[in-house]
Each structure stands twice: as C-alpha cells, then as structure tokens.
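Asker: Take a look at this one; I'll ask things after.
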Amino acid sequence: MADIVQNDEVLRLLDELTTMTGREDPYPRYARLRQISPIVRAQDGALVVTGYGDCQTVVRDGRLAHMPPDMLAFVGFPDWRARPALMQLFTSMLTLNPPDHTRLRRLVSSAFTARRVVALRPAVERVVGELLDAMALKAADGAVDFVAEFAFPLPIAIIGELLGVPAADRAGLQGLVNDWTQVLEVLTPEVLEKADPAAAQIREYLAGLLAERRQEPRDDLLSALAQAQAADDRLTDDEVLSNAALLFAAGFETTTNLLANGLVALLDRPGALAAAGQRPEPAVEELLRYDSPVQLVSRVVMEDVEVAGRTVEAGERIVAYLGAGNRDPERFDAPDELRLDRENNAPLSFGGGIHYCLGAPLARLEAHVAFPALAARFPQLALGEGVRRRDSLSLKGFTALPVQLGSAVSSSRR
Numbered sequence: 041m042a043d044i045v046q047n048d049e050v051l052r053l054l055d056e057l058t059t060m061t062g063r064e065d066p067y068p069r070y071a072r073l074r075q076i077s078p079i080v081r082a083q084d085g086a087l088v089v090t091g092y093g094d095c096q097t098v099v100r101d102g103r104l105a106h107m108p109p110d111m112l113a114f115v116g117f118p119d120w121r122a123r124p125a126l127m128q129l130f131t132s133m134l135t136l137n138p139p140d141h142t143r144l145r146r147l148v149s150s151a152f153t154a155r156r157v158v159a160l161r162p163a164v165e166r167v168v169g170e171l172l173d174a175m176a177l178k179a180a181d182g183a184v185d186f187v188a189e190f191a192f193p194l195p196i197a198i199i200g201e202l203l204g205v206p207a208a209d210r211a212g213l214q215g216l217v218n219d220w221t222q223v224l225e226v227l228t229p230e231v232l233e234k235a236d237p238a239a240a241q242i243r244e245y246l247a248g249l250l251a252e253r254r255q256e257p258r259d260d261l262l263s264a265l266a267q268a269q270a271a272d273d274r275l276t277d278d279e280v281l282s283n284a285a286l287l288f289a290a291g292f293e294t295t296t297n298l299l300a301n302g303l304v305a306l307l308d309r310p311g312a313l314a315a316a317g318q319r320p321e322p323a324v325e326e327l328l329r330y331d332s333p334v335q336l337v338s339r340v341v342m343e344d345v346e347v348a349g350r351t352v353e354a355g356e357r358i359v360a361y362l363g364a365g366n367r368d369p370e371r372f373d374a375p376d377e378l379r380l381d382r383e384n385n386a387p388l389s390f391g392g393g394i395h396y397c398l399g400a401p402l403a404r405l406e407a408h409v410a411f412p413a414l415a416a417r418f419p420q421l422a423l424g425e426g427v428r429r430r431d432s433l434s435l436k437g438f439t440a441l442p443v444q445l446g447s448a449v450s451s452s453r454r
C-alpha cells in the first residue's frame with residue numbers, strides 16, 4: 041500500500057490555503073492536491089483529503105469522531121472545564137460524540153422540527169422585504185454593503201425569531217458570538233482572553249431568557265428546548281444554554297456566507313440572478329456546491345479505518361476539505377462551472393452523518409426566499425468596489441460586499 045504523500049509541493053499548497061490569497065480562490069489548489077494524491081499529510085501531521093467520496097467517508101463514518109474534550113489537556117488546556125468558551129462549545133452537539141451526542145440530538149431535534157422551520161416562511165418573507173426596502177433607501181447615497189444590510193441581518197433576525205431572542209438584543213449578541221467562536225479557528229491563550237468573557241456573557245443573557253421562558257413559555261425554540269423530553273429524559277439548563285448558544289451562532293454564520301458567496305457567483309454571470317430567481321431550489325443547491333460557506337471539517341480516527349485506499353490508524357487526525365470535494369470531477373461534471381439546473385446535486389456543504397447541520401433546512405429556506413426577491417426587486421444589481429473577504433480557514437465568505445442596485449422595481453409589499 042502506497043505511503044501517504046508529504047512533499048514540498050503538498051506543503052506549499054496547504055500553506056497557501058492559510059493565506060488570504062489562497063482563501064480567495066482555493067479551488068485550483070484543491071485540484072492540484074487531488075491530482076497529487078487523494079490523501080496527503082500536512083506539516084502538523086494531520087491527513088488531508090480532497091475527493092468527494094473521501095470527504096463523505098470522513099463526515100459519515102462513525103469511526104471518525106470529533107476530538108473528545110478531554111484531549112484538550114494534551115494541547116495545553118487541562119482546565120478547559122473552567123474556561124467558559126471551551127466548556128460551552130465542548131458540551132454542545134457540535135463537538136460531542138455518541139452516546140452523549142445521540143441523546144442531545146434527539147432531544148433538540150424534538151424541539152427544532154421541520155414544522156417549526158416551515159412556519160417561519162412568512163417571517164422570512166417579511167424580513168426580506170423590509171431589508172430590501174431599507175437597501176433601496178440607502179442606495180441614494182451610492183453603493184450598499186450587501187453583507188451589512190442584508191446577508192447578515194436576515195439570518196440574525198430569523199434565528200432570533202426562532203429562538204425567541206427579542207429584536208433589540210440580537211445585534212448585541214453577534215459581536216459576542218464572533219469573539220466566542222474564534223476558538224473554532226485557532227485555539228490560543230490570546231483568543232481565549234476574548235472568547236471566555238464573550239461566552240460567559242452569552243450564557244448569562246440566555247440564562248435570564250430561559251428563566252423567563254420556564255415561567256411563561258412562548259411559541260419559540262427556547263421554550264421548546266426547555267420543555268424537550270423523550271423517554272423520561274430532559275435537557276438540563278446547562279444543556280439548553282450550550283445548545284441554544286450554538287444554534288444562535290450557527291444560525292447566521294453559514295447563511296450569511298451562503299447569501300454573499302451566492303450573490304457574487306450569480307453577479308459574475310449575466311442573467312444568472314434572474315435564472316436563480318425563477319428556480320431557486322436547484323440554484324441554491326448549486327451555489328452551495330460551487331462556493332461552499334464551510335470549506336473544511338476535521339475528525340479524529342477512533343479505530344482503524346480505510347480512507348482513500350489507505351488504512352488510517354486510530355489516533356490520526358483527518359481534515360476533509362468539503363469545498364474541494366464539491367469540485368471533484370469524479371462526482372460532478374464540469375465542476376468548475378456554475379450550472380443552476382445541475383441534476384443529481386448533493387453538495388457536502390452541510391456535512392453529513394450524525395453531525396449533519398441541524399439548521400440546513402432553515403438556511404435553505406432563507407436563500408430560497410432571498411434570491412428571487414433580490415432578482416425581482418433589483419434586476420440591475422451589480423458588484424461595487426471595496427469587497428473585503430473573510431479571514432478564515434474553515435468559513436468562506438465576505439465581511440463587506442458593496443453592490444450597486446441600479447433601477448429598483450417598486451415594492452409590492454403591503
């Protein structure tokens with residue numbers, strides 16, 4: 041069996057993916073890595089896969105798991121339970137493994153139902169209309185920042201509506217969430233200096249809200265989580281708070297990037313925004329595939345497993361570049377082309393297996409409403425100057441995306 045490749049070119053390509061230049065357009069580098077070998081070894085010893093099938097194995101095979109929290113002791117954080125940022129993250133569904141994950145996922149899923157997501161469509165349509173109205177008013181001053189005025193406030197409003205966070209409190213939580221979730225990018229004492237107080241403030245805020253909901257339940261997800269029960273098993277207050285914080289954080293990060301990445305891809309091609317507006321469901325799947333909001337995930341091998349034709353031993357760490365798998369020519373015909381009517385599409389962007397993104401239906405709903413509304417209201421929409429990309433290895437998106445609205449079609453909302 042062939043050795044796993046680690047050479048100067050592999051190390052150079054992987055290093056480039058950590059730079060802003062590489063993050064701006066990682067896809068040629070992914071393609072070259074895939075040509076060299078389906079599995080390579082990074083400088084830090086981690087294994088890296090870039091093929092669709094191998095990425096699928098990483099996210100679906102139960103023998104590959106999230107890093108158990110007790111392993112934090114081996115990377116310099118034996119006191120992780122006393123660190124609010126780590127405690128809140130590593131006791132949520134995002135990082136737990138079975139059987140703890142199985143129990144929490146079952147209870148949270150019993151509250152976060154498909155019916156609850158479908159019922160949000162009128163709220164999504166209302167917020168989209170309000171944001172488009174506000175964009176039209178601001179356009180008199182020139183370009184409008186699509187991220188600041190639409191792609192960010194839309195999912196913030198909807199996840200806030202879903203959880204029951206009052207509108208006046210939502211924007212304030214966003215900065216705290218950003219500081220807290222930096223631990224997902226890089227885990228250093230410097231990052232924790234900001235992440236710990238942010239996580240503590242988020243938890244304190246949600247604890248107060250949870251206490252209110254226990255006294256006076258409402259028709260929102262936080263009330264449903266407080267009451268979630270299955271087979272005489274209930275979520276504890278700590279579990280409600282950790283997972284509510286996770287849902288709030290995850291509820292806007294991916295969707296903001298989907299909307300911004302998707303709009304850039306559409307505006308780069310004449311007529312594409314109008315076409316996406318006419319058939320949003322297949323278009324959104326293709327936008328997810330073409331420029332994934334989540335570019336990579338990592339797992340730890342819990343027992344020997346075969347990946348990319350090699351036996352990978354327990355204890356190894358594997359990084360799956362989902363963005364690369366979504367451009368694998370073995371799975372997708374002409375993968376570097378944006379085909380809004382692509383058939384048999386199954387992007388890896390929301391992960392897979394037991395950790396498949398619980399909020400995927402909500403992100404899709406928001407995009408299904410947003411792109412047709414944008415196409416109808418601003419048919420002459422165009423990219424402006426001053427684009428700023430997100431400085432992140434795992435999440436691909438924009439921090440600023442100026443757009444010119446052109447001649448707007450009058451709102452028909454009542």
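Following the working numbering, the numbering of the sequence shown begins with 41 at its first residue and continues without gaps.
Ideal placement from N, C-alpha and C gives every residue a C-beta, glycine not left out.
Closest to MET127 by C-alpha separation, out of GLU64, ALA240 and ALA180, would be which residue?
Answerer: As a position in the sequence shown, residue 127 is number 87, starting the count at 1. Of GLU64, ALA240 and ALA180, the residue nearest in Cα terms is ALA240.
Asker: Would you tell me roughly how many angstroms separate the C-alpha atoms of GLN46 and ARG145, rounded to the nearest one?
Answerer: To locate residue 46, count along the sequence shown from 1; it is residue 6. To locate residue 145, count along the sequence shown from 1; it is residue 105. Cα-Cα distance, rounded: 38 angstroms.
Asker: Quick check on DSSP: helix, strand or coil for ASP48?
Answerer: Indexing the sequence shown from 1 puts residue 48 at position 8. ASP48 falls in the helix class under three-state DSSP.
Asker: Suppose you measure from the CA of ALA180 to the CA of GLY169; what does that come to, to the nearest Å?
Answerer: Taking the first residue of the sequence shown as 1, we reach residue 180 at position 140. Taking the first residue of the sequence shown as 1, we reach residue 169 at position 129. Going from the Cα of ALA180 to the Cα of GLY169 covers about 18 angstroms.
Asker: If you reduce the DSSP assignment to three classes, tell me which class ASP308 lands in.
Answerer: In the sequence shown, residue 308 corresponds to position 268, counting from 1. In this structure, ASP308 counts as coil in the three-state DSSP scheme.
Asker: Leaving out five residues on either side along the sequence, give the residues of the same chain with a beta carbon under 6 angstroms from the beta carbon of PRO148.
Answerer: Numbered from 1 along the sequence shown, position 108 holds the residue referred to as residue 148. It is Val, not Pro, that sits at residue 148 in the sequence shown. Only ASN283 meet the Cβ criterion.
Asker: DSSP three-state label for VAL449, please.
Answerer: By 1-based counting over the sequence shown, the position of residue 449 is 409. Coil.
Asker: Going by the beta-carbon positions, is the gap between ASP94 and PRO118 smaller than 8 angstroms?
Answerer: On the sequence shown, position 54 is the one that residue 94 refers to. On the sequence shown, position 78 is the one that residue 118 refers to. Going by C-beta atoms, ASP94 is not nearer than 8 angstroms to PRO118.
Asker: Taking the alpha carbon of LEU328 as the reference point, which residue from ALA305, VAL341 and ARG339 has its own alpha carbon closest?
Answerer: Along the sequence shown, one-based indexing puts residue 328 at 288. LEU328 has its Cα closest to that of ALA305, out of ALA305, VAL341 and ARG339.
Asker: In chain order, which continuous runs of the alpha helix (DSSP H) of length 4 or greater are located wholly inside the stretch 127 to 174?
Answerer: 140 to 151 and 154 to 158
Asker: Where does the unbroken alpha helix (DSSP H) through ALA240 begin, and where does it stop?
Answerer: Numbered from 1 along the sequence shown, position 200 holds the residue referred to as residue 240. ALA240: member of the alpha helix (DSSP H) spanning 229 to 255, first to last residue.
Asker: Mind reading off the beta-carbon distance from ARG72 to GLY62? Whole number of angstroms is fine, and I expect it under 8 angstroms.
Answerer: In the sequence shown, the residue the question calls residue 72 occupies position 32. In the sequence shown, the residue the question calls residue 62 occupies position 22. Incorrect: roughly 12 angstroms between the Cβ atoms, too far for contact.
Asker: How would you write the range of the alpha helix (DSSP H) that SER263 sits in, first residue to last?
Answerer: By one-based count along the sequence shown, residue 263 stands at place 223. According to the DSSP assignment, SER263 belongs to the alpha helix (DSSP H) that extends over 261 to 267.
Asker: Report yes if the C-beta distance between ALA300 and VAL187 is below 8 angstroms; otherwise report no.
Answerer: In the sequence shown, counting from the first residue as 1, residue 300 sits at position 260. In the sequence shown, counting from the first residue as 1, residue 187 sits at position 147. Closer than 8 angstroms, so yes.
Asker: Between PRO257 and the rest of its own chain, which residues show a CB-CB distance below 8 angstroms, the 5 nearest in sequence each way excluded?
Answerer: Locating residue 257 in the sequence shown gives position 217, where the first residue counts as 1. Taken in chain order, the residues that qualify are SER263, ALA266 and GLN267.
Asker: Buried or exposed, going by whether 16 or more other CB atoms sit within 10 Å of the CB of PRO310?
Answerer: Within the sequence shown, the letter at position 270 stands for residue 310. Exposed.
Asker: Where does the unbroken alpha helix (DSSP H) through PRO456 begin, and where does it stop?
Answerer: Residue coverage of the chain in this structure runs from 41 to 454, which leaves residue 456 outside it and unanswerable.
Asker: Which residues mark the beginning and the end of the alpha helix (DSSP H) in which LEU203 is found?
Answerer: Along the sequence shown, one-based indexing puts residue 203 at 163. Annotation for LEU203: the continuous alpha helix (DSSP H) segment containing it runs 193 to 203.
Asker: Is it right to say ARG454 is buried, meaning 16 or more other beta carbons lie within 10 angstroms of its own, or is it exposed?
Answerer: Your numbering for residue 454 matches position 414 in the sequence shown. The pLDDT assigned to ARG454 is 37, lower than 50, so where the model puts this residue is not dependable, and the model offers no usable value.
Asker: Measuring straight from C-alpha to C-alpha, what distance separates LEU194 and ALA289?
Answerer: For the purposes of this step, residue 194 is taken as residue 154 along the sequence shown, with counting starting at 1. For the purposes of this step, residue 289 is taken as residue 249 along the sequence shown, with counting starting at 1. Taking the straight line from one Cα to the other gives about 14 angstroms.
Asker: Only counting runs of 3 or more residues, tell me where the beta strand (DSSP E) segments fall wholly within the stretch 390 to 443, in order along the chain.
Answerer: 438 to 440
Asker: I need the DSSP call for ARG350, collapsed to helix, strand or coil.
Answerer: As a first step, residue 350 must be located in the sequence shown, where it is residue number 310. Three-state DSSP puts ARG350 in a strand.
Asker: With which residues is ILE358 paired in a DSSP beta bridge?
Answerer: Position 318 of the sequence shown, counting from 1, holds the residue named residue 358. Its beta-bridge partners are LEU87 and ARG339.
Asker: Count the C-beta pairs between the stretch 317 to 332 and the stretch 384 to 404 that are closer than 8 angstroms, then say yes if the count reaches three, no if not.
Answerer: yes
Asker: Per DSSP, which residues does VAL345 bridge with? Please list them.
Answerer: Numbered from its first residue, the sequence shown carries residue 345 at position 305. Answer is VAL352, bridged to VAL345.
Asker: For ILE358, which residues in the same chain have their Cβ closer than 6 angstroms to its Cβ, ignoring the five residues on either side in sequence?
Answerer: Along the sequence shown, one-based indexing puts residue 358 at 318. So the qualifying residues of the chain are LEU87, VAL98 and ARG339.
Asker: Closest by CA to SER457, which one among ALA151, THR294, ASP368 and ARG379?
Answerer: The requested residue 457 does not occur in the structure, where the chain is confined to residues 41 to 454.
Asker: In whole angstroms, give me the CA-to-CA distance for ALA247 and LEU281.
Answerer: What you label residue 247 is simply residue 207 of the sequence shown in a count that begins at 1. What you label residue 281 is simply residue 241 of the sequence shown in a count that begins at 1. Answer to the nearest angstrom: the Cα atoms are 7 angstroms apart.
Asker: What residues are listed by DSSP as bridge partners for LEU104?
Answerer: For this step, residue 104 is matched to residue 64 along the sequence shown. The partner list for LEU104 (beta bridge, DSSP) reads VAL341.
Asker: Should the stretch 127 to 142 be called in touch with the stretch 368 to 381, which here means at least 3 C-beta pairs below 8 angstroms?
Answerer: Counting Cβ pairs under 8 angstroms, fewer than three are found: no touch.
Asker: Rounded to whole angstroms, what is the Cα-Cα separation between GLN444 and GLY437?
Answerer: To locate residue 444, count along the sequence shown from 1; it is residue 404. To locate residue 437, count along the sequence shown from 1; it is residue 397. Their Cα atoms are separated by approximately 19 angstroms.
Asker: So, helix, strand or coil for ASP331, using DSSP?
Answerer: Here residue 331 is taken as the residue at index 291 of the sequence shown, counted from 1. Reduced to three states, the DSSP call for ASP331 is coil.
Asker: In the DSSP assignment, the alpha helix (DSSP H) including ARG74 goes from what residue to what residue?
Answerer: Here residue 74 refers to the residue found at position 34 of the sequence shown. 67 to 76 is the extent of the alpha helix (DSSP H) around ARG74.
Asker: Rounded to a whole number of angstroms, what is the C-alpha to C-alpha distance between ASP84 and ASP236?
Answerer: Indexing the sequence shown from 1 puts residue 84 at position 44. Indexing the sequence shown from 1 puts residue 236 at position 196. Straight-line Cα distance between these residues: approximately 26 angstroms.
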